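The working numbering applies: residue 529 is where the sequence shown begins, and numbers increase by one.
All C-beta atoms, glycine included, are put in the ideal place defined by N, C-alpha and C.
Being a predicted model, the structure only gives us computed values, none of them experimental.
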Amino acid sequence: MKINNIVRCTCPRCGEAPLFTDPNPYNIRTWDKMHERCQKCSQRFELEPGFYQGAMYVSYALTVAWSVAMYIVFKVWLDLSPFAFFMLIIGTLAALAPLLFRWSRSLYLHFFVPFEGGANSEKV
Numbered sequence: 529m530k531i532n533n534i535v536r537c538t539c540p541r542c543g544e545a546p547l548f549t550d551p552n553p554y555n556i557r558t559w560d561k562m563h564e565r566c567q568k569c570s571q572r573f574e575l576e577p578g579f580y581q582g583a584m585y586v587s588y589a590l591t592v593a594w595s596v597a598m599y600i601v602f603k604v605w606l607d608l609s610p611f612a613f614f615m616l617i618i619g620t621l622a623a624l625a626p627l628l629f630r631w632s633r634s635l636y637l638h639f640f641v642p643f644e645g646g647a648n649s650e651k652v
């Protein structure tokens, strides 16, 4: 259940409301805009000022994991030159950047907020 909530970028406490104001991560104007609180259980999404600075380490780990996986896949099935591989990695990471940004914030927030499944706002 928690992995599903992380990938869908929903509230880590109740798993129902979205973290981001726009479900489309490729909307240039709103790709990084988050709700201040959960619309269902009132869980705050920014636990303290600068909370999401730690998400950059999660983003780095996701980027490295993606790059290593791509390297293994392309080394096994394709014999690409280092330049072609480098350009392929840069292209896929550029295309995935908005998703990785959102997933890293979601994953980081899920580290610190326990899942209570359908929690009500009176427990806040």
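Which term fits residue i, buried or exposed, when burial requires 16 or more other beta carbons within 10 angstroms of its beta carbon?
i	result
R557	exposed
N533	buried
P540	buried
W605	exposed
Q571	buried
F573	buried
L575	exposed
Y580	buried
Y554	exposed
How many Å lie between residue i and residue j at the Cα?
i	j	result
A589	K530	19 Å
T591	C569	32 Å
F643	M615	40 Å
M584	S609	30 Å
F613	A545	39 Å
R565	C542	12 Å
D607	L627	28 Å
V641	R633	12 Å
Can you tell which of the options has its C-alpha closest to the C-alpha of residue i?
i	options	result
F548	R633, M584, S587, H563	H563
D550	C537, R541, Y599	C537
S587	I618, R630, D607	R630
W559	L624, F579, I618, M598	L624
I618	V596, R633, L635, S634	V596
A622	W594, F611, L635	W594
L635	T620, M598, G582	G582
May I ask which residues mark the beginning and end of the alpha helix (DSSP H) holding residue i?
i	result
S500	The structure shown has nothing for residue 500, since the chain only spans 529 to 652.
M562	Careful: M562 lies outside any alpha helix (DSSP H) and carries neither H nor E.
S634	610 to 640
R536	530 to 536
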